[in-house]
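Each remark here refers to the structure printed beneath this line.
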Amino acid sequence: MKIALVHDYIKEYGGAERVLEELHRLFPEAPIYTSIYAPEYLGPHMWVFRQMRIKTSFLQWIPYKEKLISIFRLISPVAFLSFNLSKFDIIIVSQTGAYFPNLVRKGSAKLICYIHTPPRYLYGYMTAREVKNGFVKFLSAIVFHFLRMVDFKASENVDYFIANSQEVRSRIQKFYRKDAEIIYPPVDIPSQLLTAKSQKQSYYLAGGRLARAKGIDIIIEAFNRSGKKLKIFGKEFAGFDEELKSIAGKNIEFMGEVTDIERQELMANAKAYVFASFDEDFGITPVEAIAAGTPVIAYRSGGVRETVVDGKTGIFFDENTPEAINAAIEQFEKTKISLAACRKQAQKFSSEVFDKKIVELVRSKIK
3 MKIALVHDYI KEYGGAERVL EELHRLFPEA PIYTSIYAPE YLGPHMWVFR
53 QMRIKTSFLQ WIPYKEKLIS IFRLISPVAF LSFNLSKFDI IIVSQTGAYF
103 PNLVRKGSAK LICYIHTPPR YLYGYMTARE VKNGFVKFLS AIVFHFLRMV
153 DFKASENVDY FIANSQEVRS RIQKFYRKDA EIIYPPVDIP SQLLTAKSQK
203 QSYYLAGGRL ARAKGIDIII EAFNRSGKKL KIFGKEFAGF DEELKSIAGK
253 NIEFMGEVTD IERQELMANA KAYVFASFDE DFGITPVEAI AAGTPVIAYR
303 SGGVRETVVD GKTGIFFDEN TPEAINAAIE QFEKTKISLA ACRKQAQKFS
353 SEVFDKKIVE LVRSKIK
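Here it is as structure tokens:
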């Protein structure tokens, strides 16, 4: 059985790249086809991708390609159409919602798409970049109309959709008029907790990809008002980190991009993980937090509603405002949440569960 993996582009490391990494671990002989590959931007995860057979499109040879990610949306369909993968039996696409990787030429191969989300920028969801210029917005609306047509056409090339959450499954049904099986992304569940002390430390934690849609600025404003200690980890995205640092008080510390072990230690020692993402597709960091035995204080939106159990593994707030976050923190500090309950809930999203379901699905579709 010949298998190929396809991914939009490889430049940042987030939940989608974590899924790609796990897919490659399951199918180590499978080459990875992607539009561009920039390992120097992957930080501590660079070495993982150095071991993979990565095949890039013609976009790889364009100067300053790393700064042209948004513009490449317009020509990414041509990049993926240039890949002839008809020699493979199974093609597994990891669609992040950036480009249109399902357009690869598949021949008689079965194409399975693990979809993190349909492109957020095409369907009205908040994205990392904010466009304020009215003329640019007008032009974008025209371009996006045609890109939605391309996206729908690409969806017709898919034989089987896998959604990373019920939230994304509903988007697939709405925008592509197709059903999808749900397989949650893989989360590393530490066999031993890394809590350095018997009691949690005094800080709260936030982080991940520091993009506008993650609501980190709202969290910072909440902690500016409360004066409570907050640590933020993660890599900058679209220059948003500089804006975040400019509004943060002295009680807020930026940790930068961290390794997996460092992230687990930060989570294990935090009082709680604060999550304020808008319409989150799945939200892997809240699950990593509960896997480390740390409760989550989250905006009740998107996939996080499927992973956090209100009052048992965390606390929800219903308005994404600093006032609502601080009110939720006050409620959390009066609520007893057990480490065991957090760990038990996290087990539902383990790498072992993901691996088993993916392998079963691939085997069933090759018959």
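When you line the sequence shown up against the working numbering, it's residues 3 to 369, in that order.
Built from N, CA and C at the ideal position, the CB exists for glycine as well.
Just to check my reading of the structure: Ala278 and Gly217 have Cβ atoms closer than 8 Å, yes? What is that Cβ distance to the nearest angstrom? 3 Å
Please name the residue in Ala326, Ile94 and Pro46 whose C-alpha comes closest to that of Leu28. Ile94
Could you compute how far the alpha carbon of Asp320 sits from the alpha carbon of Val310? 14 Å
One or two residues paired with Asp312 in a DSSP bridge: Gly316
Distance check for Asp10 and Leu83, CA to CA, integer angstroms please. 13 Å
Compute the beta-carbon to beta-carbon distance between Ile117 and Phe163, rounded to the nearest angstrom, for a pair I have assumed lies under 8 Å. 6 Å
Report, in whole angstroms, the separation of the C-beta atoms of Cys344 and Ile286, which I expect to be a contact under 8 Å. Actually they are not in contact, since the Cβ atoms of Cys344 and Ile286 sit about 15 Å apart, beyond 8 Å.
What does the alpha-carbon distance come out to for the pair Lys233 and Tyr123? 29 Å
Which residues DSSP lists as bridging Ser352, in chain order: Val189
Inter-residue spacing [alpha-carbon to alpha-carbon] between Ser259 and Tyr15: The question names Ser, but residue 259 is Glu in the sequence shown. The straight-line gap from Cα to Cα measures roughly 10 Å.
In angstroms with no decimal places, state the Cα-to-Cα distance between Lys252 and Leu212. 19 Å
If you count every other CB in all the chains shown that lies within 10 Å of the CB of Gln53, and 16 or more means buried, which is it? exposed
Hey, is Gly316's beta-carbon within less than 8 Å of any beta-carbon in chain E? In summary, chain E is missing from the structure at hand, where a single protein chain is found.
With 16 other CB atoms within 10 Å as the buried threshold, where does Ala143 fall? exposed
Can you find the residues in the same chain that come closer than 6 Å, C-beta to C-beta, to Lys314, ignoring five residues on each side of it along the sequence? Ala343
Out of Met269, His147 and Asp190, point me to the one whose CA is closest to Ser352's CA. Asp190
What are the uninterrupted segments assigned as alpha helix (DSSP H) that are 4 or more residues long and contained completely in the region 28 to 78, given in chain order? 48 to 52
Please specify which runs of the alpha helix (DSSP H), each continuous and at least 4 residues long, are wholly inside the region 265 to 330, giving them in chain order. 286 to 293
Where Gly136 and Asp312 are concerned, what is the direct C-alpha to C-alpha distance, given to the nearest angstrom? 41 Å
Distance between Asn166 and Phe148 (C-alpha atoms, nearest Å): 26 Å
Tell me the rounded alpha-carbon separation between Ala111 and Lys336. 55 Å
Terminal residues of the beta strand (DSSP E) in which Val8 lies: Ile5 to His9
Got a sec? Which residues, its chain only, sit under 7 Å from Pro192 by beta carbon, not counting five neighbours each side? Gln266, Ala293 and Ala294
Mind listing, in chain order, the continuous beta strand (DSSP E) runs of no fewer than 3 residues lying wholly within the region 225 to 262? 232 to 235 and 254 to 258
Kindly indicate which three-state DSSP category Ala18 falls into: helix, strand or coil? helix
Going by DSSP, what residue range makes up the beta strand (DSSP E) through Val160? Neither: Val160 is in no beta strand (DSSP E) and is coded neither H nor E.
Going by beta carbon distance, what residues of the same chain come within less than 6 Å of Gln97, once the five residues before and after it are set aside? Pro103, Cys115 and Ile117
Quick check on the DSSP output: what are the complete beta strand (DSSP E) runs of length 3 or more inside the region 87 to 149, in order along the chain? 92 to 97 and 112 to 117
State the Cα-Cα distance for the pair Lys358 and Lys67, rounded to the nearest angstrom. 37 Å
Quick one: give me the first and last residue of the alpha helix (DSSP H) that Ile2 is part of. For residue 2 there is no data in the structure shown, the boundaries of the chain being 3 and 369.
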